[in-house]
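K.L.:
Position 93 of the sequence shown, counted from 1, bears residue number 100 in this note's numbering, the numbering being contiguous throughout.
Just passing along the structure, written as structure tokens.
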Amino acid sequence: MPTLSALDADLDRYAALEPAQAALAAEYRAFLRGGAAAFTRAHREGHFTGSAFVVSADGERALLLFHAKLQRWLQPGGHSDGEMDLAAVALREASEETGLAGLCVEGGVFDLDRHAIPARRDEPGHLHWDVRYVVRCSSDETPAINAESRAFAWHRIDALAADAAFDPSIKRMAQRWLAR
Numbered sequence: 008m009p010t011l012s013a014l015d016a017d018l019d020r021y022a023a024l025e026p027a028q029a030a031l032a033a034e035y036r037a038f039l040r041g042g043a044a045a046f047t048r049a050h051r052e053g054h055f056t057g058s059a060f061v062v063s064a065d066g067e068r069a070l071l072l073f074h075a076k077l078q079r080w081l082q083p084g085g086h087s088d089g090e091m092d093l094a095a096v097a098l099r100e101a102s103e104e105t106g107l108a109g110l111c112v113e114g115g116v117f118d119l120d121r122h123a124i125p126a127r128r129d130e131p132g133h134l135h136w137d138v139r140y141v142v143r144c145s146s147d148e149t150p151a152i153n154a155e156s157r158a159f160a161w162h163r164i165d166a167l168a169a170d171a172a173f174d175p176s177i178k179r180m181a182q183r184w185l186a187r
């Protein structure tokens with residue numbers, strides 16, 4: 008089972024590979040010192056989440072879903088709910104949210120994105136400390152609509168990298184993919 012020190016080492020490796028996000032990686036490592044509680048929703052000021060940059064088998068396209076609650080195109084992802092293996096969280100969320108089988112995580116940490124979640128009903132505003140991984144399709148690339156998404160769309164990654172209409176973090180991941 009992965010440990011806090013394993014994620015700490017993964018963040019350290021990521022910072023060395025992505026100097027533009029080294030300062031953010033250091034903040035993630037500091038947040039990680041909060042311990043296992045930082046992986047639960049009970050940690051009200053913020054918590055870790057895991058997301059998947061889902062790429063087609065040929066690596067040319069990325070799958071985005073139209074998020075039902077947020078009403079925008081995003082990558083699959085979600086709460087870790089106590090799981091410290093955020094790559095496993097990303098894979099689980101990609102499988103659950105897309106219905107795709109045969110997905111696999113490639114490599115280590117691919118992107119970091121800390122973002123604010125606004126207050127809703129009985130949940131105060133908080134931060135998601137999102138750790139993102141590449142998840143590649145290896146078989147059927149036909150997603151299934153479910154309660155968490157209204158629609159899916161495969162987008163050419165080169166088009167995502169150039170399109171200002173998408174969330175800046177989607178654009179950043181697309182650019183990073185193309186630069187690999």
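Glycine residues also receive a C-beta, built at the ideal position from the N, C-alpha and C atoms.
Every value quoted in this text rests on a predicted model; they were computed, and no experiment measured them.
Going by the CB atoms, is the gap between residue 174 and residue 81 shorter than 9 Å?
P.N.:
yes
K.L.:
Are there 16 or more other CB atoms within 10 angstroms of the CB of residue 191, so buried, or fewer, so exposed?
P.N.:
Residue 191 is absent from the structure shown; the chain starts at 8 and stops at 187.
K.L.:
Determine the contact status of residue 138 and residue 73, defining contact as a CB-CB distance below 9 Å.
P.N.:
no
K.L.:
For a test of the three-state rule: what should DSSP assign to residue 187, helix, strand or coil?
P.N.:
If DSSP states are grouped into helix, strand and coil, residue 187 belongs with coil.
K.L.:
Counting only the same chain and skipping the five closest in sequence on each side, list residues whose C-beta sits under 6 Å from that of residue 94.
P.N.:
112 and 140
K.L.:
Helix or strand or just coil, what does DSSP make of residue 60?
P.N.:
Residue 60: strand per DSSP, three-state reduction.
K.L.:
Measuring straight from C-alpha to C-alpha, what distance separates residue 86 and residue 119?
P.N.:
15 Å
K.L.:
Around the Cβ of residue 179, are there at least 16 other Cβ atoms within 10 angstroms (buried) or fewer (exposed)?
P.N.:
Looking at its Cβ environment, which holds 16 or more other Cβ atoms inside 10 Å, residue 179 is buried.
K.L.:
Considering Cα atoms alone, identify which of 22, 163 and 177 is closest to residue 65.
P.N.:
163
K.L.:
I'd like to confirm the pairing. Which residues does DSSP put opposite residue 133 in its beta bridges?
P.N.:
124
K.L.:
Can you check whether the C-beta of residue 180 is within less than 9 Å of a C-beta belonging to chain C?
P.N.:
No chain C is part of this structure, which consists of one protein chain only.
K.L.:
Using DSSP bridges, identify the partner residues of residue 72.
P.N.:
81 and 159
K.L.:
Quick check on DSSP: helix, strand or coil for residue 173?
P.N.:
coil
K.L.:
Using DSSP with H/G/I as helix, E/B as strand and the rest coil, what is residue 99?
P.N.:
It is helical.
K.L.:
Could you tell me which residues DSSP pairs with residue 41 in its beta bridges?
P.N.:
Looking at the DSSP assignment, residue 41 forms no beta bridge with any residue, so it has no partner.
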